[in-house]
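K.L.:
From first to last, the protein sequence lines are chains A and B.
Sequential numbering from -6 applies to the first sequence in the working numbering.
Sequential numbering from 6 applies to the second sequence in the working numbering.
The beta carbon of each residue, even a glycine, is placed where N, CA and C say it ideally should be.
The model shown is predicted, which means the values in this text are computed figures rather than measured ones.
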Amino acid sequence: MSKSITVRYFAIFREQAGRDEESVTLDVETAGDVFEQLRDRHKSAEPQGHCKVAINDEMADWNTAVNDGDTVLLFPPVAGG
Amino acid sequence: MADVIRMTDKPIDPDACRRELFDPGAGAYAGFEGWIRNENDGHVVERLEYESYEPLAVSEGEKVIAEARAKFPILHAHCVHRTGMLEIGECAVWVGVSSAHRDEAFNACRFIIDQVKVRLPIWKKEHYADGNSGWVNCERCAEHAHPSAVLL
């Protein structure tokens, strides 16, 4: 089912997407679906397993359901310290 | 009382951070400082740029420290992490733990820094002497920054 969501990008994802945020309408069920569709759109090469996702400022899993109106935050591989 | 985890774009003062952990019941303190070094993977690094998503870096950092407190009988534990552009030798991250005895201070300090590195939404971009730059741990940037070392 088609859902309107806001996506926020960080670090290399922001550079690849050329923006830090966008509103998109996607036919998706899970956070993983969002990642796969936008990775293709923005020609990113990062494997999903190396990345993290949050929904509405809560850490989430790739199989977490995405709802209409959600904000999905896509985090490339982290490197603190 | 200071927050247990802080993100800051100002230089970290480890002595001031350490003083926040003083406790009459503490017989031990263990601290860790992560510094910016001038080399990574054979490339000369001139500076490092840190970015974080602070709301979740803080909430995830609070979870890490709560987990450390549950695992180890410690008195206090704090972590401070830099953002922004850092020069060689600067302190990028500080972790400190106070406890009655040394074992739990060492163990909790190690646990916290290890978890902070893999769980908090923090990213670093290396700026190399040859003018290139690359996000650490990202395959595509590694490919661009180090074309001779692609996915061996």
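1) Any beta-carbon of chain B closer than 9 Å to the one on residue 14 of chain A?
2) Which residues, in chain order, does the segment 103 to 135 of chain B contribute to contact with chain A at a C-beta distance below 8 Å?
3) Could you please give the first and the last residue of the uninterrupted alpha helix (DSSP H) stretch that includes residue 27 of chain A?
4) Rounded to whole angstroms, what's the CA-CA distance from residue 155 of chain B to residue 47 of chain B? Just pull it up for me.
5) If you drop the 5 nearest sequence neighbours on each side, which residues of the same chain put their C-beta closer than 8 Å to that of residue 36 of chain A?
6) Less than 9 Å between the beta carbons of residue 67 of chain B and residue 121 of chain B, yes or no?
7) How is residue 42 of chain A classed by DSSP in three states: helix, strand or coil?
8) Whose Cβ in chain A lies nearer than 9 Å to the Cβ of residue 137 of chain B?
9) Between which two residues does the alpha helix (DSSP H) holding residue 6 of chain A run?
10) For residue 72 of chain B, which of helix, strand or coil comes out of DSSP?
11) Quick check on the DSSP output: the beta strand (DSSP E) that includes residue 0 of chain A runs from which residue to which?
P.N.:
In this structure, then:
1) no
2) 118, 121, 122, 123, 124, 125, 126, 127, 128, 129, 130
3) 24 to 34
4) A caution first: residue 155 of chain B carries a pLDDT of 36, below 50, which makes its placement in the model too unreliable to give a value.
5) 9
6) no
7) helix
8) Near residue 137 of chain B there are no residues of chain A at all, since even the closest Cβ is about 14 Å away, more than 9 Å.
9) 5 to 10
10) helix
11) -5 to 2
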